[in-house]
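In what follows, a structure is listed as structure tokens, so that the remarks can point back to it.
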Amino acid sequence: MRVICSAAVLGAGAALAWGVRGRSSALFAPSVYRGRRNRPAIALTFDDGPSESTPVLLELLARYSVPATFFQCGMNAARLPRVAREVALAGHEIGNHSHTHRLFPCLTPAEVREELARAQRAIEDATGVTPRLFRAPYGARWFGLRRAQRELGLLGVMWTSIALDWKLPSAAITRRILRGAANGAILCLHDGRELRIDPDIRNTATALRGAIPVLAARGFCFETVSNIL
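Reminder that position 161 of the sequence shown reads as 306 in this note's numbering, one-by-one numbering, no gaps.
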């Protein structure tokens, strides 16, 4: 009996872990992780901004005429409203990435809702845009998120592939981007590092300079998350 109980606990733990981080999980809230697969379109997404480094990415994306989706932290948008608004004015899609980038499984349902609501207000104030997409910090969903998304009119977005660009060298990031490319893929990168001031995203920018022309040569086009769904 003890063995059976231990197995049940382990199984429940594994199921909960999948519900929190599983890209296709809808246990805590509805979410998508991939767009339509019937055409060669890719969505580049950037988390944790805006930051002092975001304009570097905006210039790069403009050079290649690539639209993207930026999941902004409310506190960062409030600190750098001009940069946050530049993202919107450049024609990119704006999403909600919580207010302070806290790990949701450490929060109460009320705190989860407040993270989304405060970010929504801060992003609206900075950009003039009301986000309709939400990505949880670290991709970790939790209790209270379903109700918060419903009340705020937000659709959850995970990713098909993540570039790990906060810790890898540029060549490795490029390889991960190219390996993750597929019809309808949603690729996760970063234009910030949580709430850090003036983060170094040079490896991300260098990787994209190498990856975007290769993907275009392979026949892929680039779209926002909303347009790829």
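Ideal Cβ positions, reconstructed from N, Cα and C, are used throughout, including at glycine.
Residue environment analysis places residue 260 among the buried positions, since at least 16 neighbouring C-beta atoms fall within 10 angstroms of its C-beta.
Residue 184 is not a Cβ neighbour of residue 285, given a cutoff of 8 Å. Annotation for residue 300: the continuous beta strand (DSSP E) segment containing it runs 300-302. For residue 248, the CB contacts under 7 Å within the same chain, skipping 5 residues up- and downstream, are 282, 283, 285 in chain order.
Judged by DSSP secondary structure, residue 345 falls outside any beta strand (DSSP E); it is assigned neither H nor E.
Around the CB of residue 342, fewer than 16 other CB atoms lie within 10 Å, so the residue is classed as exposed.
By alpha-carbon distance to residue 297, the top candidate from 332, 243, 305 is 243.
Pairing residue 246 with residue 334 gives a Cβ-Cβ distance that is not under 8 Å. Straight through space, the alpha carbons of residue 255 and residue 360 are spaced by roughly 42 Å.
Within the model, the alpha-carbon separation for residue 276 versus residue 193 is close to 15 Å. Residue 262 has its alpha-carbon roughly 13 Å from the corresponding atom of residue 217. Under the three-pair Cβ rule at 8 Å, the region 314-331 does not count as touching the region 195-210. With 16 or more other Cβ atoms from the protein chains shown falling within 10 Å of its own Cβ, residue 280 counts as buried.
Secondary structure at residue 197: coil, using DSSP grouped into helix, strand and coil. The C-alpha of residue 278 is placed about 6 Å away from the C-alpha of residue 301. Residue state for residue 241 is assigned as strand, using DSSP reduced to three classes. One thing to note: residue 362 has its Cβ no nearer than 8 Å to the Cβ of residue 310. In the assembly as shown, residue 358 is an exposed residue. Its beta-carbon has fewer than 16 other beta-carbons within 10 Å.
Taking a C-beta distance under 8 Å as the contact criterion, residue 355 and residue 319 qualify as a contact pair.
Boundaries cannot be given for residue 275, as no beta strand (DSSP E) includes it and DSSP labels it neither H nor E. Distances from the alpha-carbon of residue 236 to those of 314, 179, 224, 274 put 274 closest.
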